[in-house]
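Remarks on the structure that follows.
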Amino acid sequence: MWQSNRVRSIVALVAALLGAGMLAAPPASAGPTVCDYPACTPGIMPHQVLGAPCDNTTYYAFGTADYYVSFASEPGRLMFCGSPRRYQPRWFRSPPMAGIKDEGADCHQYLNYVAQAPDGLFLICIAHDAVTTWVRADT
Numbered sequence: 148m149w150q151s152n153r154v155r156s157i158v159a160l161v162a163a164l165l166g167a168g169m170l171a172a173p174p175a176s177a178g179p180t181v182c183d184y185p186a187c188t189p190g191i192m193p194h195q196v197l198g199a200p201c202d203n204t205t206y207y208a209f210g211t212a213d214y215y216v217s218f219a220s221e222p223g224r225l226m227f228c229g230s231p232r233r234y235q236p237r238w239f240r241s242p243p244m245a246g247i248k249d250e251g252a253d254c255h256q257y258l259n260y261v262a263q264a265p266d267g268l269f270l271i272c273i274a275h276d277a278v279t280t281w282v283r284a285d286t
């Protein structure tokens, strides 16, 4: 009889511990994720061809070269969808990419780099009006 009481006590203890764990506050998040490289940037389209037409020069405008299809470009090379004046958009070789950045934020260490805003907006770091900030790259 004492063994069945002992089993009941153990079951009750485990149930109490599980219940307390479920009532406890969830662990705090580690804060914003930092992304300074293309590898951690979402929305980069694989299997694109350098010089081929593309359709979005504003949001999620990055792609990578397809293996053994893109001439004059090594496989996996980062590209962006751009539109030269009066021409249809097409894939171009990308300048260095700084990952995910916020529009309007300081970028003095990334001058002439490109990036993507958290919402997918295509950004470039340029110096203007005595400051260096991330601005829209599609204008």
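If you're matching positions, the sequence shown starts at 148 in the numbering used here and goes up one per residue. The beta-carbon is built from N, C-alpha and C at its ideal position, and this holds for glycine as well.
Burial state of residue i, where buried means 16 or more other Cβ atoms lie within 10 Å
i: residue 187; result: exposed
i: residue 258; result: exposed
i: residue 319; result: Since the displayed the chain opens at 148 and closes at 286, residue 319 lies outside it and no answer follows.
i: residue 274; result: exposed
i: residue 170; result: Below a pLDDT of 50, predicted positions are generally treated as unreliable, and residue 170, at 41, falls in that range; no measurement from the model is reported.
i: residue 286; result: exposed
i: residue 277; result: exposed
i: residue 185; result: buried
i: residue 260; result: buried
Selection from the options that minimises the alpha carbon distance to residue i
i: residue 97; options: 209, 238, 259, 233; result: Coverage of the chain is limited to positions 148 through 286, which leaves residue 97 absent and any answer about it impossible.
i: residue 206; options: 212, 213, 192; result: 192
i: residue 222; options: 275, 236, 240, 233; result: 240
i: residue 267; options: 210, 198, 197; result: 210
i: residue 204; options: 276, 236, 281; result: 236
i: residue 248; options: 265, 256, 232; result: 265
i: residue 224; options: 280, 198, 233; result: 198
i: residue 254; options: 231, 279, 189, 181; result: 279
i: residue 250; options: 234, 181, 281, 189; result: 281
Residue i vs residue j beta-carbon contact at 7 Å
i: residue 252; j: residue 270; result: no
i: residue 246; j: residue 202; result: no
i: residue 195; j: residue 226; result: yes
i: residue 208; j: residue 228; result: yes
Coarse secondary structure for residue i, derived from DSSP in three states
i: residue 272; result: strand
i: residue 208; result: coil
i: residue 189; result: coil
i: residue 278; result: strand
3-residue-minimum beta strand (DSSP E) runs that sit fully inside the segment 222-267, ordered along the chain: 225-229, 237-240, 244-247, 261-263
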